[in-house]
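Asker: Supplied in structure tokens, the structure appears directly below.
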Amino acid sequence: RYTGYLQDNFRIGDSIDLTGSIGARFNYSTLNGELLVSPRAHLAFKPEWKRDIVFKLAGGLYQQPPFYREMRDLNGNVNMNLKAQKSFHILLGTDYNFESWGRPFKLTTEVYYKGLWDIVPYEYDNVRIRYFGQNDAVGRVYGGEMRIYGDIVKDATSWISIGILKAEEDVKDDKIVYRDVSGADSATIYPGYIPRPTDQRFMLGMYFEDYLPRNKNFKMHLNTIYTTGLPFGPPDKKRYGDTLRLPQYIRVDIGFSALLLNGEKHTDKKLLSAFKNIWFSAEVFNLLGIQNTLSYTWVQDQTSSLTFAVPNRLTSRLINAKLVVDF
């Protein structure tokens, strides 16, 4: 495999404040003889307004040469002629810097669209990813994200983020053939676009940091995340059946840290001056003890031939302590 890239940065600042970069990535694989050229560009424009706002535009082609796992199909056959998965991206965004309560804040917003082709479909078998080994799907992804971060507490950065996303794909020649018991009636149904395994519709994340008013060496942080469930289905080589949803994911982490030693304050002591800093921290992951579901194991009842989905749970609660020594 041979790879390379070219990139040039530029700035136009006489009449308008415009910066950007343009480039291309090259890739040639001797395995399948595919030559990939992926151009991309990024522009940032800052108008001469009183408010500090930057507008961004980015786009390009992104082509990922296949790895071995993608080339290996569900039956264990390796497709040596598998092509790269390809996508076209376009992104619009803004960065808005402002002050509130006498402290700096930044609001970023982004909306994006991705067109996908030559996709290699895959499905989950418990936590194992199994690829179909063929470039036989097209897809699209679109959504947006908004994040604001700044010093809610002076000199302690916090943020909140909200994101929405929709990812779907259409497997070529994918169909459902229905026949009644007598065989007198039949129908062929084409599923069309179905959710991709990464189709996470909504995400909310928050991070808050604080410290003792009279001693900034004692800190606390609180991290919260909420997401809607991902699609899943039985590992039966039928992507159109993977339209069930995992339960929502909720997790709250809390942590405390303390600066035990500041080497700059002990320069007169030979032993202690050898250390820059010594931090001790204690964290509680999944503070609320919520049993989030990672995946499902499919179990078949041999008597009734019914298949049941048994959930695999993530760790309920975990306490972690660590000591960080900087020399």
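Residue numbers (our numbering): 2 to 328. Backbone N, C-alpha and C define an ideal beta-carbon position, used for all residues, glycine too.
1. Which class does ARG70 belong to by DSSP, given the choice of helix, strand or coil?
2. Going by Cα to Cα distance, which pick from LEU36, HIS43, SER30 is closest to LEU19?
3. Write down every uninterrupted run of the beta strand (DSSP E) in the region 158–235 whose length is 3 residues or greater and which is fully enclosed by it, in chain order.
4. Apart from the five residues just before and just after LEU315, which ones in its own chain have a Cβ nearer than 8 Å to its Cβ?
5. Quickly, what does DSSP pair LYS47 with across the bridge? List them, please.
6. Is it buried or exposed for PRO122, if we count other Cβ within 10 angstroms and need 16 for buried?
7. Are GLY140 and LEU83 touching if we call contact CB-CB under 8 Å?
8. Using the beta-carbon count (16 or more within 10 Å), is ILE120 buried or exposed?
9. When burial is assigned at 16 or more other CB atoms within 10 Å of the CB, is ILE13 buried or exposed?
10. When the Cα atoms are used, what is the spatial distance from TYR113 to GLY94?
11. Under 8 Å, do PHE257 and ASP243 count as touching if we go by C-beta distance?
12. Taking the CB atoms as reference points, tell me whether LEU231 and PRO192 lie closer together than 8 Å.
13. Which residues bound the beta strand (DSSP E) around ASP156?
14. Going by alpha carbons, who is nearest to PRO4 out of LEU36, ILE130, GLU100?
15. Confirm, please, whether the CB-CB distance from PHE56 to PHE68 is below 8 Å.
Answerer: Concretely, from the data shown:
1. ARG70: helix per DSSP, three-state reduction.
2. Of the residues LEU36, HIS43, SER30, the one whose Cα lies closest to the Cα of LEU19 is HIS43.
3. Fully enclosed beta strand (DSSP E) runs of 3 or longer: 177–180, 187–190, 203–213, 216–228.
4. Once the five neighbours on either side are set aside, the close Cβ partners of LEU315 are ASN287, GLN292, ASN293, THR294, LEU295.
5. DSSP lists ASP18 as partners of LYS47.
6. PRO122 should be labelled buried.
7. Not in contact: GLY140 and LEU83 (Cβ atoms no closer than 8 Å).
8. Classification of ILE120: buried, given that the 10 Å Cβ count is 16 or more.
9. Exposed, since its Cβ has fewer than 16 Cβ neighbours within 10 Å.
10. C-alpha of TYR113 to C-alpha of GLY94: approximately 9 Å in a straight line.
11. Inclusion of PHE257 and ASP243 in the CB contact set at 8 Å is not warranted, their separation being larger than that value.
12. No, the Cβ-Cβ distance between LEU231 and PRO192 is not below 8 Å.
13. First-last for ASP156: undefined, no H or E at that position.
14. The question names Pro, yet the displayed sequence has Thr at residue 4. For THR4, the closest C-alpha among the options LEU36, ILE130, GLU100 is that of LEU36.
15. Cβ atoms of PHE68 and PHE56: not closer than 8 Å.
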